[in-house]
Amino acid sequence: MCVATERNTKEVTVENTDNDNFTDEPEKKGAKNDETKRADYFTATNKSLEDQAGLPSQWFLAYLTPLLRYGATSSLSQEDIGCPSAIDKTSHAYETTKAAWQKQVEKVRKENEAGQLKHEAKLASMTEEKRAKAPPFQPKQPSVAGALVKGFGRWTIAFAFLYNLLSALLAFVPVLLLNDLVSFFEAGADTATYKGFAHPWVEVFGLFLLPLLVSLFQTRHTVIMSHCATYTRAAVSTLIYQKSLRVSAAGKAQTSTGQIVNMMSNDAFQLQRFLQFAGLCAIAPVQIIIALVLIYRQVGNATWVGVAFMVFLLPCNAVIFSVVGKMRR
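So for the sequence shown, my numbering puts the first residue at 10; every next one is plus one.
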């Protein structure tokens, strides 16, 4: 990796290293200017470190290793971090969401026209008395959430939740394997009479492998949802801004500049925060149920004492979070 930095007027050079380390050595004769080298790496490629990384590097986050190693000894600047990922750029978020929104508006328009004709034909077949009591036609409305999901990618979000589900389920397997191994040693460590999930050595290897898989799946889910949250905030903020430029005089009279700014900053940020924790909220009920079943198998009815204590704390947590939310507003 080619990287160059300048700290306190100290000149450094750029080297090509096999292990992608950031170097801080004196400039050699004939070397290019430090800023030119920096531009060659960060701006000429116009790609982020993540976009340049291969699939294994993205899964293991290995592309961050040189940056973190360099940041441990020197202060990082924007040039060191480089440009954002293509999916995080505001222009990409706005254009893809706008295109998805326009398609959805056109689709809903056609569905409403067909629904209106069907409704009118149904009314024509009714008597005057029934026609007067019939409800009016309710047209469908396009969904901003649907446009955002389609713009970012339905399958990408689906895979993110799948990774989170796999990590949550696999996290319980080492507990079962460890319980099996304890039973195996308590019975005298006799493999001939052992009746477990697998051979003891296979279970030992599973205790090493499964936490690694859980970490990989959880990390991949976090990365995807972080991109989704950033994409959503950028798209919503830009859409609100573009709408504010086209709003009529009557609309401006009903909406203040502060309200628009608040929607672009605070409300869009709340969407970003929600998406970052959406996976946890979706999978938490499954984790709680599985955990209660496993605890019940070990301690029996004493499990319900813990459940009762959790239920007792729910109103307290609700009051605390309500107060904190009011303080934030």
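Glycine residues also receive a C-beta, built at the ideal position from the N, C-alpha and C atoms.
Whole-angstrom C-beta distance between residue j and residue i, which should lie under 8 Å
i, j, result
"Ala177", "Ile292", "5 Å"
"Tyr250", "Met273", "6 Å"
"Leu219", "Val182", "5 Å"
"Gly91", "Ser57", "6 Å"
"His101", "Ala169", "Not quite, the Cβ-Cβ distance comes to about 18 Å (not below 8 Å), so this is no contact."
"Leu284", "Ala238", "4 Å"
"Tyr193", "Gly205", "Rather than Tyr, the amino acid found at residue 193 in this sequence is Phe. Contact holds; Cβ gap of about 6 Å."
Range of the contiguous alpha helix (DSSP H) that encloses residue i
i, result
"Val308", "277-308"
"Gly267", "266-271"
"Gly160", "153-161"
"Gly63", "Where Gly63 is concerned, there is no enclosing alpha helix (DSSP H), given that its DSSP letter is neither H nor E."
"Gln263", "258-263"
Of the listed residues the options, nearest to residue i (C-alpha basis)
i, options, result
"Gln227", "Arg282, Leu179, Glu195", "Leu179"
"Val223", "Gln61, Asp60, Phe69", "Phe69"
"Gln307", "Asn188, Arg140, Gln296", "Asn188"
"Ala300", "Thr165, Leu185, Arg118", "Leu185"
"Ser66", "Val232, Ala108, Glu122", "Val232"
"Ser246", "His128, Ala143, Leu280", "Leu280"
"Ala173", "Thr312, Met319, Leu289", "It should be pointed out that residue 173 corresponds to Asn in this sequence rather than to Ala. Ranking Thr312, Met319, Leu289 by Cα distance to Asn173 puts Leu289 first."
"Glu104", "Asn55, Ala244, Glu120, Gly124", "Ala244"
"Glu212", "Pro294, Leu303, Val191", "Val191"
"Pro148", "Cys237, Arg118, Leu85, Phe283", "Arg118"
"Thr128", "Ile304, Glu115, Glu138, Ala143", "Per the sequence shown, the amino acid found at residue 128 is His instead of Thr. Per the Cα distances, Ala143."
"Ser152", "Ser134, Phe206, Lys116, Thr312", "Lys116"
"Arg242", "Phe318, Asn275, Leu254, Ser253", "Asn275"
"Gly155", "Gln113, Lys139, Trp210", "Gln113"
"Met234", "Ala167, Gln61, Leu175", "Ala167"
"Ile269", "Arg282, Leu248, Phe286", "Leu248"
"Ala123", "Ala141, Lys139, Phe146", "Phe146"
"Phe286", "Ala201, His236, Lys335", "His236"
- Message: What ranges does the alpha helix (DSSP H) occupy inside the stretch 67-141, keeping only unbroken runs of at least 4 residues that lie completely in it?
- Response: Here the runs fully enclosed are 74-80, 87-90, 99-133.
- Message: Restricting to runs no shorter than 4 residues, where is the alpha helix (DSSP H) found entirely within the stretch 176-218?
- Response: Fully enclosed alpha helix (DSSP H) runs of 4 or longer: 182-195.
- Query: Any chance the stretch 195-215 sits against the stretch 251-270, with 3 or more Cβ pairs inside 8 Å?
  - Reply: With contact defined as three or more Cβ pairs closer than 8 Å, the stretch 195-215 and the stretch 251-270 are not in contact.
- Message: Check whether the stretch 92-112 and the stretch 160-168 are in contact - that is, three or more C-beta pairs closer than 8 Å.
- Response: Cβ pair count under 8 Å is three or more, so yes.
- Item | the stretch 76-87 touching the stretch 108-126, judged by at least three CB pairs closer than 8 Å | The stretch 76-87 and the stretch 108-126 do not touch, with fewer than 3 CB-CB distances between them shorter than 8 Å.
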